[in-house]
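Heads up: the sequence shown is residues 427 to 500, going by our numbering. Built from N, CA and C at the ideal position, the CB exists for glycine as well. To start, the structure under review is shown below, and the notes come after it.
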Amino acid sequence: MNKNVGGIDRKARLVVGPLLLLVGIAAFVGALPLGTLGGVASLVVGAVLTVTGAVQRCPLNALLGVDTCPVDTR
Numbered sequence: 427m428n429k430n431v432g433g434i435d436r437k438a439r440l441v442v443g444p445l446l447l448l449v450g451i452a453a454f455v456g457a458l459p460l461g462t463l464g465g466v467a468s469l470v471v472g473a474v475l476t477v478t479g480a481v482q483r484c485p486l487n488a489l490l491g492v493d494t495c496p497v498d499t500r
């Protein structure tokens with residue numbers, strides 16, 4: 427599978443994803459008043475962003491034809 431997540435897109439996913447995971451966990455332990463739905467949504471979106479940033483592959487990007495990886499000039 428070809429990589430389609432790179433550059434600023436990857437960095438943003440690797441920063442925002444874990445932050446959303448922390449927000450979701452905080453919602454579940456009662457530190458943030460987001461409720462169950464807000465906590466679950468934060469956990470799911472955070473997990474997806476973290477994984478897609480780490481593996482540099484996003485199925486939605488592939489479906490839409492989006493590629494943010496820099497071109498290899500070798």
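Exercise. Check whether the region 428 to 438 touches the region 453 to 472, counting contact only when three or more Cβ pairs, one atom from each stretch, lie closer than 8 Å.
Key: no
Fill in: Exposure label - residue 445; buried when at least 16 CB within 10 Å
Residue mapping note: residue 445 aligns to position 19 of the sequence shown, counting from 1. That one is exposed.
- Task: Flag this pair as yes or no: are the beta carbons of residue 489 and residue 439 separated by less than 8 Å?
- Result: Working through the sequence shown from its first residue, we reach residue 489 at position 63. Working through the sequence shown from its first residue, we reach residue 439 at position 13. In this structure, residue 439 does not lie closer than 8 Å to residue 489 by Cβ.
Mind checking which residues open and close the alpha helix (DSSP H) that includes residue 462?
To locate residue 462, count along the sequence shown from 1; it is residue 36. Here the alpha helix (DSSP H) through residue 462 covers 461 to 481.
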